[in-house]
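These notes are about the structure you will find just below.
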Amino acid sequence: FQVNAKKFAVDPVTEVNGVKQLAREAIAAGFYNIDVDTSTLVDLSKPTLNEQQRTNYEQGVELALTVRGLQPKGVNISIGGEIGEVGTENSTVEELVTYMDGFNATLAKRSPGTEGLSKISVQSGTTHGGVVLADGSIADVKIDFDTLARLSKIAREKYGLAGAVQHGASTLPDTAFHNFPRTETAEIHLATNFQTMLFDNIPDALRKEIYEWLNVNAKDERKPTDTDEQFIYKTRKKAIGPFKKRFWDLPADVKARLAKDYDEKFTFLFTQLAVVNTRETVDRFVKPVEQHKPQPHPDLAVVEAAPDDADLSD
Numbered sequence: 046f047q048v049n050a051k052k053f054a055v056d057p058v059t060e061v062n063g064v065k066q067l068a069r070e071a072i073a074a075g076f077y078n079i080d081v082d083t084s085t086l087v088d089l090s091k092p093t094l095n096e097q098q099r100t101n102y103e104q105g106v107e108l109a110l111t112v113r114g115l116q117p118k119g120v121n122i123s124i125g126g127e128i129g130e131v132g133t134e135n136s137t138v139e140e141l142v143t144y145m146d147g148f149n150a151t152l153a154k155r156s157p158g159t160e161g162l163s164k165i166s167v168q169s170g171t172t173h174g175g176v177v178l179a180d181g182s183i184a185d186v187k188i189d190f191d192t193l194a195r196l197s198k199i200a201r202e203k204y205g206l207a208g209a210v211q212h213g214a215s216t217l218p219d220t221a222f223h224n225f226p227r228t229e230t231a232e233i234h235l236a237t238n239f240q241t242m243l244f245d246n247i248p249d250a251l252r253k254e255i256y257e258w259l260n261v262n263a264k265d266e267r268k269p270t271d272t273d274e275q276f277i278y279k280t281r282k283k284a285i286g287p288f289k290k291r292f293w294d295l296p297a298d299v300k301a302r303l304a305k306d307y308d309e310k311f312t313f314l315f316t317q318l319a320v321v322n323t324r325e326t327v328d329r330f331v332k333p334v335e336q337h338k339p340q341p342h343p344d345l346a347v348v349e350a351a352p353d354d355a356d357l358s359d
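In the working numbering, the protein residues as written are 46 to 359.
The following block contains the structure:
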């Protein structure tokens, strides 16, 4: 959940409250893995690393305390921080140490004994969803795996975290994924590619209808320099909610083809990421808390939806 730096500069309370509302919405829906991204607030014009990172870690603590206050009984939500906005310069060990020391000291002062972060997102060469070229294809990405390994090691050994998180991994070439276990990366984000597979498999008529809907309902998000392909790629996620029933009602043969493609992709990823044959380890350390929620229904909405923000990168 990302803070908009421009809106924060104008009205910090309102902007942070909007992100808090996102957390309320997610937790009410049973989502217990939340990355608090205040890295947009890093100010590189400041003379010292601590001054550059101060607003980042102070607002990170503010949001983390909100999440901790909302977590259900028996549930320990996994909260991630972020030290460098994805798509900018690669993160350094010094930045990680400055952020974590500042975060932990601020948290201890404001709420002694409260558990902090479990992971830390860093910048190592990617962007959220990839860089879209004019023809709709995705630019080649080169990840600095040495940076990732170095930051993961510091995060684990000095701060007891799971390690570093890699954003924007879904657009990487298949040959890159085996490097994540080698560098002991704690988590990688892969959603964009699964979304691409969905849109690649739906009938042409439905895809055309969705794109026409975006041209009307997401037109305010179009930049003057965007080609049609760039605009569609960046906004098509906005159609998943409004067209959810249409996706559920896809013909059986389309669903079967999509399921086969997903199965192959997950098998590949689970193998490359060394997830295979880890069930015993997972069962030993992960003890899920049983949760019961009513069947979704419009009359049972318990949390107001947070406002959308087209300016954010995620």
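Each residue gets a CB set at the ideal place from its N, CA and C atoms; glycine is no exception.
{"query": "I believe Leu-217 touches Ile-188 by the beta-carbon criterion, under 8 Å. Please report the beta-carbon distance rounded to the nearest angstrom.", "result": "7 Å"}
{"query": "Between the region 217 to 230 and the region 255 to 265, can you find at least three pairs of beta-carbon atoms closer than 8 Å?", "result": "no"}
{"query": "Starting from the Cα of Pro-117, find the closest Cα among Phe-148, Glu-127, Thr-93 and Gly-75 and give me that residue.", "result": "Gly-75"}
{"query": "Which residue from Gln-47, Thr-59, Ala-153 and Val-87 puts its Cα closest to that of Gly-125?", "result": "Gln-47"}
{"query": "Is DSSP giving Val-210 helix, strand or coil here?", "result": "strand"}
{"query": "Helix, strand or coil: which one does DSSP assign to Ile-122?", "result": "coil"}
{"query": "Considering only the alpha carbon of each residue, which of Val-167, Arg-291, Thr-316 and Gln-97 lies closest to Leu-243?", "result": "Arg-291"}
{"query": "In the DSSP assignment, what residue or residues form a beta bridge with Val-167?", "result": "Gln-211"}
{"query": "Closest to Val-87 by C-alpha separation, out of Val-167, Leu-115, Ile-72 and Thr-270, would be which residue?", "result": "Val-167"}
{"query": "Who are the Cβ neighbours of Asp-328 in its own chain at under 7 Å, not counting the five residues just before and after it?", "result": "none"}
{"query": "Just to confirm the assignment: which complete alpha helix (DSSP H) runs, minimum length 4, are found wholly within the region 240 to 323?", "result": "249 to 262, 273 to 280, 289 to 293 and 297 to 317"}
{"query": "To which residues does DSSP link Ile-233 through a beta bridge?", "result": "Gln-211"}
{"query": "When you compare each of His-337, Asn-135, Leu-94 and Thr-230 to Gly-147 by their alpha carbons, which one comes out closest?", "result": "Leu-94"}
{"query": "Keeping to the same chain, check which residues put their C-beta closer than 6 Å to that of Lys-52; ignore five residues upstream and five downstream.", "result": "Glu-60"}
{"query": "Suppose the cutoff is 6 Å on Cβ atoms and the five residues either side in sequence are ignored; what does the same chain contact list for Ser-123 look like?", "result": "Asn-78 and Ser-163"}
{"query": "DSSP on Asn-135, reduced to helix/strand/coil?", "result": "coil"}
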